[in-house]
Amino acid sequence: MEELTSLVRSIQADGLLWGSSKLVPVAYGIKKLQICCVVEDDKVGTDFLEESILNFEDHVQSVDIASFNKL
Numbered sequence: 146m147e148e149l150t151s152l153v154r155s156i157q158a159d160g161l162l163w164g165s166s167k168l169v170p171v172a173y174g175i176k177k178l179q180i181c182c183v184v185e186d187d188k189v190g191t192d193f194l195e196e197s198i199l200n201f202e203d204h205v206q207s208v209d210i211a212s213f214n215k216l
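Numbers in the numbering used here are just positions in the sequence shown, counted from 1, shifted up by 145.
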């Protein structure tokens, strides 16, 4: 999971700032990576971010947005 965290954080774009991350238990010993980020809507779209993370096919099964606040 540390490798996945590094891969996700390697995504760089103007208007994207990575925050804290943690592993959250799902079931039967399976864990998911939960990572916070700040996205400037005018510069980086959430679609771009989701597609970029899904490109790590060997490590990522799906991407979910747990919380979304627009300022």
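Yeah, the Cβ is synthetic: ideal placement off N, Cα and C, and Gly gets one too.
For V184, three-class secondary structure by DSSP: strand
C-alpha distance - V184 paired with L199, whole-angstrom precision: 17 Å
V153 classed as buried or exposed, judged by whether at least 16 other C-beta atoms fall within 10 angstroms: buried
Alpha-carbon to alpha-carbon, Q157 and D187: 15 Å
S151 to D209 span [Cα, whole Å]: 18 Å
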